[in-house]
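Top to bottom, those sequences are chains R and D. Sequence positions in the first sequence follow this note's numbering and run -1 to 137. Sequence positions in the second sequence follow this note's numbering and run -7 to 94. Every residue gets a Cβ at the ideal spot worked out from N, C-alpha and C, and that includes glycine. Quantities reported herein were computed from a predicted structural model and do not represent experimental measurements. A quick write-up on the structure given underneath.
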Amino acid sequence: MEDLLQRLTNGNLTEVKVALASVVAALAVYQLVLAAVVYGRLRPAFLGSGPAALTHRASGDAIVVLVVLVGIACLSYGELEDDASIHAVAGWALAAVLVLKIVVVRWWHAAGRLLPYLGTTLFALLALTWATTARPFLF
Amino acid sequence: MPEDPTSAPERTAPAVADPGAERRTARRQLLGSLLVAVAIAIGAIGAVTAKLGTTSVAALEAEEDRRDAARDALEERRDAAEEAREARREAAEDARERRRGD
Chain R
-1 MEDLLQRLTN
9 GNLTEVKVAL
19 ASVVAALAVY
29 QLVLAAVVYG
39 RLRPAFLGSG
49 PAALTHRASG
59 DAIVVLVVLV
69 GIACLSYGEL
79 EDDASIHAVA
89 GWALAAVLVL
99 KIVVVRWWHA
109 AGRLLPYLGT
119 TLFALLALTW
129 ATTARPFLF
Chain D
-7 MPEDPTSAPE
3 RTAPAVADPG
13 AERRTARRQL
23 LGSLLVAVAI
33 AIGAIGAVTA
43 KLGTTSVAAL
53 EAEEDRRDAA
63 RDALEERRDA
73 AEEAREARRE
83 AAEDARERRR
93 GD
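Okay, structure coming up:
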């Protein structure tokens, strides 16, 4: 699997992973801002809650795709066997919360009141996962 | 009492014009916020690329290995040359001593 990914990334799997994880982290911050607009915590004159909600959903879909790609790269490295235990735990927790949030958003509407908490947890886990893998390459 | 015809358009106009204007505004805001998301993604990729460089870590490590190998080869050649010089010097001294003995 790692060989295939290395071929696809022209031998730059680590760099691609760091870049994608950083895009996810940056978009996650934007998601927080958009969520604040959707829930009326922020009321900028230039952005209503409707468009903010649609962008939040679209950006969230993109984040899911990127998280899956980064997760596949992590698993191909066999990082879970290394001593990066915080990264591994945060990564698996991130996957679990992400699946739960998607289920709540798409099907389990009765649990909609949990969305702000799920979103905040997701952001914290994304930040932790990024900090334990991509940050050392950049700072 | 009949309605004042001059005031009617003022009351109805906003109600008729607003949905279209609102839709256009919402569409503009949606497009703008999506463009911001795209700009954030491009900015993040640009920042990471600027930090890591366009050459991969694997390529940099391979380059470092090549440099180390070249340095080792140079040192080996120097050692070999030094040993050869030493051997020649010893041979010359042996020859001198042999001539003196004769």
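The contact set of residue 16/R on chain D, defined by CB atoms closer than 8 Å, consists of 40 and 44 in chain order. Assignment of residue 7/R by DSSP, reduced to helix, strand and coil, places it in the coil class. The C-beta separation of residue 37/D from residue 17/R comes to about 5 Å, placing the pair in contact by the 8 Å criterion.
A straight line joining the alpha-carbon of residue 7/R with that of residue 81/D spans about 57 Å. Under the 10 Å beta carbon count, residue 28/R is surrounded by 16 or more other beta carbons and is classified as buried. For the pair residue 60/R and residue 31/D, the CB atoms are not nearer than the 9 Å cut-off. Taking 9 Å as the threshold, the shortest C-beta distance from residue 0/R to chain D does not fall below it. The C-alpha of residue 49/R lies about 51 Å from the C-alpha of residue 56/D. Residues of chain D with a Cβ closer than 8 Å to the Cβ of residue 28/R are, in chain order, 28, 29 and 32. The segment 19 to 37 of chain R makes contact with the segment 58 to 72 of chain R, as at least three CB pairs between them are under 8 Å. Contact annotation: in the segment 43 to 55 of chain R, residues whose CB is within less than 9 Å of a CB in chain D are 44, 45, 46, 48, 49, 50, 52, 53 and 54.
Fewer than three pairs of CB atoms, one per stretch, sit closer than 8 Å, so the segment 123 to 135 of chain R makes no contact with the segment 102 to 110 of chain R. Scanning chain D for C-beta atoms nearer than 7 Å to the C-beta of residue 21/R yields 33, 36 and 37, reported in chain order. Annotation for residue 55/R: the continuous alpha helix (DSSP H) segment containing it runs 47 to 75. DSSP places residue 117/R inside the alpha helix (DSSP H), whose first and last residues are 113 to 129.
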